[in-house]
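Residue numbers (the working numbering): 6 to 96.
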Amino acid sequence: MSTGQERPFPLLARARLSWLLSGLRVMPVGDEEAKAASALLIGAGLHGHKYAIDAAVAEAAVRQQHPVVMLTSGIDDMTKLCGDRVRLVAV
6 MSTGQERPFP LLARARLSWL LSGLRVMPVG DEEAKAASAL LIGAGLHGHK
56 YAIDAAVAEA AVRQQHPVVM LTSGIDDMTK LCGDRVRLVA V
């Protein structure tokens, strides 16, 4: 995705983007979150850069108030990371 400075969006597209972003919450990954994500990787028997983002996303999901539903194209990896704490839906 480009920024507004890089590429001007039509007004309607900008309104849609604002609406979409209004429903999102940006969650920082600090030291504690990184340690928890690392623990998920170890517990799942996964390692390496390939799984780092998945682990951070999984860690954020498992610490949310339940029930939690995650849409993912990586069902196998996310199942290993989240276990039964998050309902996974394949997309």
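Where is the CB? At the ideal position from N, CA and C, for every residue including glycine.
Taking the Cα positions, R19 is about 37 Å away from K40.
Around the beta carbon of A95, fewer than 16 other beta carbons lie within 10 angstroms, which makes this residue exposed. For A20, DSSP records no beta bridge to any residue. The DSSP-derived three-state label of M32 is coil. By alpha-carbon distance to V34, the top candidate from A66, D81, L26, G48 is A66. DSSP places V94 in the uninterrupted beta strand (DSSP E) bounded by 92-95.
According to the DSSP assignment, L51 belongs to no beta strand (DSSP E), since it is labelled neither H nor E. Distance from the CA of I47 to the CA of I58, rounded to the nearest whole angstrom, comes to 14 Å.
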